[in-house]
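Take a look at the structure set out below.
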Amino acid sequence: MLETLSKDDRLLLLKFVCAFAWADLQVQKQERQFVHRLVKQLKLEKDEAKLVDGWLENPPTPEEVDPATVPRKHRKLFLDTAKKLIESDGNIDANEAEIFELLEQLLV
Numbered sequence: 207m208l209e210t211l212s213k214d215d216r217l218l219l220l221k222f223v224c225a226f227a228w229a230d231l232q233v234q235k236q237e238r239q240f241v242h243r244l245v246k247q248l249k250l251e252k253d254e255a256k257l258v259d260g261w262l263e264n265p266p267t268p269e270e271v272d273p274a275t276v277p278r279k280h281r282k283l284f285l286d287t288a289k290k291l292i293e294s295d296g297n298i299d300a301n302e303a304e305i306f307e308l309l310e311q312l313l314v
């Protein structure tokens, strides 16, 4: 399913994933590893990967992760990927769970 994403949608997905990594106000090592694996799976260019690294250092703004910008046909993929990210460190923080539930309500 990842291969069906356009370049812009790939970056949007990673922006959302990075925002979730920041939900507990710190990006865990396992979350970084998850994001880096996703970057490789999506076969991003070096300049795109640098953007993603920037989002791991400074979270995307709320305006940059507006759920209304997620294409309808990719909403399940975005939710599934966000869920995998928040589970990647073995600890689902209350903030992560709350933000995920909100995103789920907005996208379903």
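In this note's numbering, the protein residues as written are 207 to 314.
Note that CB positions come from ideal geometry on N, CA and C, so glycine has one too.
Out of 302, 295, 266, 286, state which residue places its alpha-carbon closest to the alpha-carbon of residue 238. Here the closest residue by C-alpha is 295.
Residue 287 burial status per 10 Å Cβ neighbour count (16 or more: buried): It is buried - the Cβ of residue 287 has at least 16 other Cβ atoms within 10 Å.
Taking the alpha-carbon positions, what's the residue 260 to residue 313 distance? Distance between the alpha carbons of residue 260 and residue 313: 26 Å.
Residue 273 to residue 262, Cα distance in whole Å? Here the C-alpha atom of residue 273 lies approximately 19 Å from the C-alpha atom of residue 262.
Measure the alpha-carbon distance for residue 299 versus residue 228 and round it to whole angstroms. The straight-line gap separating the alpha-carbon atoms of residue 299 and residue 228 is approximately 11 Å.
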